[in-house]
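Only one structure is covered here, and it is reproduced in the block below.
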Amino acid sequence: MFKNPRSILIGLVLIAIALAAPAFVYPVLLMKVLCFALFASAFNLLLGFAGILSFGHAMFFGSAAYVSAHTIKVLGWPTELGILAGGAIAAVLGLLVGLLCIRRKGIYMTMITLAFAQMLFFVFLSAPFTGGENGLQPVPRRAILGMIDISNDRVLYYVVLAIFLVGFGLIYRVIHSPFGQVLKAIRDNEPRAISLGYDVDRFKLIAFVLSAGLSGVAGATKAVIFQLASLTDVHWGMSGEVILMTLVGGIGSIFGPLLGAAFIVGMQNQLAGLGEWVLVVQGLIFMTLVMVLRTGIMGLLSDMSHRLSKFREQK
Amino acid sequence: MDMIFGVPLPLLLGQLVLGLINGATYAILSLGLAVIFGMLKVINFAHGAQYMLGAFVAWMMASWLGLGFWYALILAPLVVGAGGIVLERVFLRHLYDKDHLFGLLFTFGFALVAEGLFRYHFGSTGQIYSNPIPGGMQLGFMFLPYYRIFIVGIALLICFGTWFVIERTKLGAYLRAATEDPVLVRAFGINVPLLITLTYGFGVALAALAGVIAAPIQNVSPLMGSHIIITVFAVVVIGGLNSIMGAIITGFALGLIEGLAKVFIPEMSNTVVFVIMAIVLLLRPAGLFGQEQ
Chain A
1 MFKNPRSILI GLVLIAIALA APAFVYPVLL MKVLCFALFA SAFNLLLGFA GILSFGHAMF
61 FGSAAYVSAH TIKVLGWPTE LGILAGGAIA AVLGLLVGLL CIRRKGIYMT MITLAFAQML
121 FFVFLSAPFT GGENGLQPVP RRAILGMIDI SNDRVLYYVV LAIFLVGFGL IYRVIHSPFG
181 QVLKAIRDNE PRAISLGYDV DRFKLIAFVL SAGLSGVAGA TKAVIFQLAS LTDVHWGMSG
241 EVILMTLVGG IGSIFGPLLG AAFIVGMQNQ LAGLGEWVLV VQGLIFMTLV MVLRTGIMGL
301 LSDMSHRLSK FREQK
Chain B
1 MDMIFGVPLP LLLGQLVLGL INGATYAILS LGLAVIFGML KVINFAHGAQ YMLGAFVAWM
61 MASWLGLGFW YALILAPLVV GAGGIVLERV FLRHLYDKDH LFGLLFTFGF ALVAEGLFRY
121 HFGSTGQIYS NPIPGGMQLG FMFLPYYRIF IVGIALLICF GTWFVIERTK LGAYLRAATE
181 DPVLVRAFGI NVPLLITLTY GFGVALAALA GVIAAPIQNV SPLMGSHIII TVFAVVVIGG
241 LNSIMGAIIT GFALGLIEGL AKVFIPEMSN TVVFVIMAIV LLLRPAGLFG QEQ
């Protein structure tokens, strides 16, 4: 599966860190990082590899959160089914929105996704089952497969880690498959991809659905962890946050979104008491990164290692 | 009482006037977006924030300096527009040769900073700005406040003034030419970078002007910008960004449709613009007035 030995090494080290982490850090914070890492990776599949900037990914994340919260809390479904239902609904939603927005290109697509997300926000705001401003809570943490007791945060952490690894592994495989290569070709030169005979719209649509579905899984898992689905999850601010995470980590890099998610979630955790300042800080990070560091942390790292090897050669 | 489709006439007309006023705001804002996009190829996400800034500058002038509405109507757009010029000169300028999405992300960041700072300072409830033209006309079937007539009038004046400058004057000809082919226009000795800066300043000033006009009819709140900007994006998708007249007509029309929706299908009044956007995308993907490049 992993052809590049360096990726294997990085992957193994990351998994080892992830397995040992709950001994050092509060598990709920770690689970939040994992959720957003999956969300940002799914988003990056679309932005970094298909070149589509969606400004409405909160609609997939948030709808799935509502669906899983509703099915688990009100309909009494098992947790794993609730999460799957959330992902499935998000994928269907991704299909509908994707069909409409690939009819336009570039910046218009961005505005269309934002507009549809806003429409869904209003739908959830007034829909009777969402609990309005209070949200849907508390979502019970029912045992996974009837035997894994997830009321304990540490146990749930390993379940979330497993969900994350499956989702992230899927994204990794998609990016390194022939399908992923075609996506990159479309991103870099769409007319050329068309002239080579690829059905560009179909590739874009599949990428859109995949990204939406996996964002949904992340959102549904989030609802289980925090036992809550709320309007925050479908608000445009959430769409902005996932863009910010991806930008911080590095657009188009595989591990970048993980770093970005950890960075932003960690920052929010530190600034939690400062209220509106979080918005200001996020805005400043956006402006700074766009001006001076468009490739994010991963770009900075690869730049540094590049310089280091050059430096060694000179010696 | 007169009824139309089961709705009392005064209610219907009242909502139509409100819709026309909202439409006036949409028209001015989408006009500004279209003007900026034409020259800079940047979607100005900060447009909503600059609209909010316009309203707040007017409010600050009134409550801190004692300057009334008519001063603010001229001064606030100048102040916010000057801020826009600084933003363009210092930051946006360096993004034109990069992927267009970075311009969008930068202006989004600016919008977050502006909204965050004002929310920190003023809270999210909003300030009251007094009506500069109190009173109104009793038309028999409804009461029409003078200020609402003023809004619609001044919005039409601004929109068609802008249209006239861009489509019918020499300066507008330069602008349109620079939109098509900046390199060639530069070769004729026209200072295109200056044109770009002034265009951004003008677009931002338009947003601020819309904010000043809106201040007396709604609370001056830090949230007013992010509420309206997404709807305006939908308006822009429906109308297309290539046509000045398209932006104006679509803005007014969608305001009116929203007003009608409030009367006939109130549960859809928030979403009707987005539903229309979906329908337009299905039937005429390039937008009502647009051509896809």
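Chains as they are written, first to last, in the working numbering: chain A, 1 to 315; chain B, 1 to 293. Note that beta-carbon positions come from the ideal geometry of N, C-alpha and C, so glycine has one too. All of these numbers come straight from a predicted model, not from anything done at the bench.
Note down, in chain order, all residues in the segment 259 to 278 of chain A with a beta-carbon under 8 Å from any beta-carbon belonging to chain B. Here the close residues are 275, 276, 277 and 278.
Chain A beta carbons: is any one of them nearer than 8 Å to that of residue 116 of chain B? Yes - at least one Cβ of chain A is within 8 Å of the one on residue 116 of chain B.
Can you list, in chain order, the residues of its chain with a C-beta nearer than 8 Å to that of residue 144 of chain A? Leave out the 5 residues immediately preceding and following it. Taking C-beta separations shorter than 8 Å and ignoring five residues to either side along the sequence, the partners of residue 144 of chain A in its chain run 78, 79, 80, 150 and 159, following chain order.
To the nearest angstrom, how far is it from the Cα of residue 54 of chain B to the Cα of residue 251 of chain B? If you take the alpha carbons of residue 54 of chain B and residue 251 of chain B, they lie about 20 Å apart.
Specify the secondary structure class of residue 214 of chain A as computed by DSSP and reduced to three states. Correct three-state label for residue 214 of chain A: helix.
Helix, strand or coil for residue 266 of chain B? Go by DSSP, reduced to three states. It is helical.
Beta-carbon gap between residue 201 of chain A and residue 102 of chain A smaller than 8 Å: A contact, by the Cβ cut-off of 8 Å.
Thinking just about the alpha-carbon of each residue, which of B:9, B:25, B:85 and B:100 is nearest to the one in residue 213 of chain B? Closest in alpha carbon position to residue 213 of chain B, among B:9, B:25, B:85 and B:100, is B:25.
Within the 8 Å Cβ cut-off, does residue 109 of chain B reach chain A? For residue 109 of chain B, the answer is yes, since a Cβ of chain A falls inside 8 Å of its Cβ.
Use the C-beta contact count for residue 296 of chain B: other C-beta atoms within 10 angstroms, 16 or more gives buried, fewer gives exposed. Residue numbering for chain B in the displayed model covers 1 to 293; residue 296 of chain B lies beyond these limits and cannot be assessed.
Look up residue 207 of chain B in the DSSP assignment and say whether it is helix, strand or coil. In the displayed model, residue 207 of chain B falls within a helix according to three-state DSSP.
What's the gap between the Cα of residue 248 of chain B and the Cα of residue 256 of chain B? Spanning the two alpha carbons is a distance of roughly 13 Å.
Residue 258 of chain A - containing alpha helix (DSSP H), residue span: 256 to 270 is the extent of the alpha helix (DSSP H) around residue 258 of chain A.
Can you name the start and end residues of the beta strand (DSSP E) that residue 143 of chain B belongs to? Unbroken beta strand (DSSP E) run through residue 143 of chain B: 143 to 145.
In terms of residue numbering, what span does the alpha helix (DSSP H) encompassing residue 291 of chain A cover? Here the alpha helix (DSSP H) through residue 291 of chain A covers 277 to 292.
Counting only beta-carbon separations shorter than 8 Å, does residue 110 of chain A have a partner in chain B? Yes, because at least one Cβ of chain B sits closer than 8 Å to the Cβ of residue 110 of chain A.
Classify residue 27 of chain A as helix, strand or coil using the three-state DSSP reduction. Collapsing the DSSP output to three states places residue 27 of chain A in a helix.
Beta-carbon contacts of residue 268 of chain B that lie in its chain and below 6 Å, excluding the five residues immediately before and after: Counting only Cβ-Cβ distances below 6 Å, and skipping sequence neighbours, we find 261.
For residue 106 of chain A, decide whether its Cβ has a neighbour in chain B, counting only Cβ atoms nearer than 8 Å. At least one chain B Cβ lies under 8 Å of residue 106 of chain A.
In terms of alpha-carbon separation, which member of B:12, B:33 and B:8 lies closest to residue 229 of chain B? Looking from the CA of residue 229 of chain B, the closest CA among B:12, B:33 and B:8 belongs to B:33.
Report the three-state DSSP secondary structure of residue 136 of chain B (helix, strand or coil). Here residue 136 of chain B sits in strand by DSSP.
Would you kindly report the start and end of the unbroken alpha helix (DSSP H) that includes residue 105 of chain A? Counting along the chain, residue 105 of chain A falls outside any alpha helix (DSSP H), and DSSP gives it neither H nor E.
Beta bridge counterpart(s) of residue 22 of chain A as assigned by DSSP: Looking at the DSSP output, residue 22 of chain A bridges to nothing.
Under the DSSP definition of a beta bridge, which residues are partnered with residue 229 of chain A? Answer by DSSP bridge pairing, in chain order: A:136.
May I have the straight-line CA-CA distance separating residue 100 of chain B from residue 41 of chain B, to the nearest angstrom? Each residue's alpha carbon lies about 7 Å from the other.
By how many angstroms is the C-alpha of residue 135 of chain B removed from the C-alpha of residue 69 of chain B? Taking the straight line joining both Cα atoms gives about 16 Å.
Taking all protein chains shown into account, decide if residue 236 of chain A is buried (16 or more other Cβ within 10 angstroms of its Cβ) or exposed. Burial check for residue 236 of chain A: the Cβ neighbour count within 10 Å reaches 16 or more, so the residue is buried.
Within the continuous alpha helix (DSSP H) that includes residue 103 of chain B, where are the two ends? Where residue 103 of chain B is concerned, the enclosing alpha helix (DSSP H) stretches over 100 to 122.
Give every residue of the same chain whose Cβ lies closer than 6 Å to the Cβ of residue 82 of chain A, excluding the five residues on either side of it in the sequence, and list them in chain order. In chain order, 68, 71 and 72 place their CB closer than 6 Å to the CB of residue 82 of chain A, counting only its own chain and leaving out the 5 sequence neighbours on each side.
Residues of the segment 276 to 296 of chain A in Cβ contact with chain B at a cutoff of 7 Å, in chain order, please. So the close ones are 276, 277, 279, 280, 282, 283, 284, 286, 287, 290, 291 and 294.
At 7 Å on the CB atoms, spell out the chain A contacts of residue 234 of chain B, in chain order. Under a criterion of Cβ atoms nearer than 7 Å, the residues of chain A adjacent to residue 234 of chain B are, in order, 115.
Would you be able to state if there are at least three C-beta pairs under 8 Å between the segment 163 to 179 of chain B and the segment 195 to 202 of chain B? The segment 195 to 202 of chain B makes contact with the segment 163 to 179 of chain B; the number of CB pairs closer than 8 Å reaches 3 or more.
Can you tell me which of the three DSSP states residue 222 of chain B falls into? Coil at residue 222 of chain B, not helix or strand.
Outcome for residue 59 of chain B when other beta-carbon atoms lying within 10 angstroms are tallied against a minimum of 16: With 16 or more Cβ atoms within 10 Å of its Cβ, residue 59 of chain B is classed as buried.
Could you list the residues in the segment 194 to 228 of chain A with a C-beta less than 8 Å from some C-beta on chain B, going in chain order? So the list is empty, because no residue satisfies the distance condition.
Closest to residue 200 of chain B by CA distance: which of B:5, B:37 and B:30 is it? For the set B:5, B:37 and B:30, the Cα lying nearest the Cα of residue 200 of chain B is the one of B:37.
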